[in-house]
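Residue numbers 3 to 135, in this note's numbering, belong to the letters of the sequence shown in order.
For glycine and all other residues, C-beta sits at the position ideal for the given N, C-alpha and C.
In what follows, a single structure is set out as structure tokens and then discussed.
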Amino acid sequence: MKQIIKGHSDFKYIVSNNGYFVDKTLLVKEFLENADHVMVIPRPRRFGKTLNLSMIEHFFDIRKQESARFFSSFNISKDQAFCEKHQNKYPVINLTLKSAKSPNWEACLKCLKQEVFNQYKKHDYLLESDHLK
């Protein structure tokens with residue numbers, strides 16, 4: 003039986019724990035095929051922005067091969083050619099600014115630098131990649 007999962011914004015967690023998920027997986031395709039240089043998604047708090055970014059990350063991220071099965075019951079999986087070409091094929095940097103809530107600019111900048119450093123460590127495998135040579 004499906005359940006409402008509150009307090010989590012990770013796509014994999016919600017789907018693997020049989021949580022309700024409104025199928026917005028075609029956003030993955032729109033995200034890639036949109037010709038705009040910037041995609042602005044203005045929504046109020048608690049409207050699923052972080053969940054949608056998590057879904058996009060799980061779809062594209064080369065390090066998350068196991069995530070492919072979580073998309074099998076959603077609309078994006080019907081486009082097999084798109085999935086074969088793009089699913090789990092790219093390094094993904096998901097930079098969140100949630101930790102940058104700080105009382106002053108210096109503290110905010112420190113949090114931002116830490117987040118960039120964390121992403122660098124997360125993707126150090128790229129240093130050995132043939133794609134960068």
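Coarse secondary structure for residue i, derived from DSSP in three states
i      : result
Asp12  : coil
Gln121 : helix
Gln89  : coil
Terminal residues of the alpha helix (DSSP H) in which residue i lies
i     : result
Glu59 : 51 to 62
Lys26 : Careful: Lys26 lies outside any alpha helix (DSSP H) and carries neither H nor E.
Beta-carbon proximity check, residue i vs residue j, cutoff 7 angstroms
i      : j      : result
Val24  : Phe61  : no
Ala70  : Asn90  : yes
Glu94  : Asp63  : The amino acid at residue 94 is misidentified as Glu; the sequence shows Val. Yes, these two residues count as a Cβ contact at 7 angstroms.
Ile78  : Leu111 : no
Lys4   : Tyr22  : yes
Ser104 : Thr52  : no
Beta-carbon separation (whole angstroms), residue i vs residue j, contact threshold 8 angstroms
i      : j      : result
Ile58  : Phe33  : 6 angstroms
Glu117 : Ser101 : 6 angstroms
Ser56  : Phe119 : Going by Cβ atoms, the distance from Ser56 to Phe119 rounds to 21 angstroms, so no, they are not a contact pair.
Lys26  : Asn54  : 6 angstroms
Distance cut-off 6 angstroms: residue i Cβ against heavy atoms of the ligand GTP
i     : result
Thr52 : The ligand GTP is not part of this structure, which contains no ligands at all.
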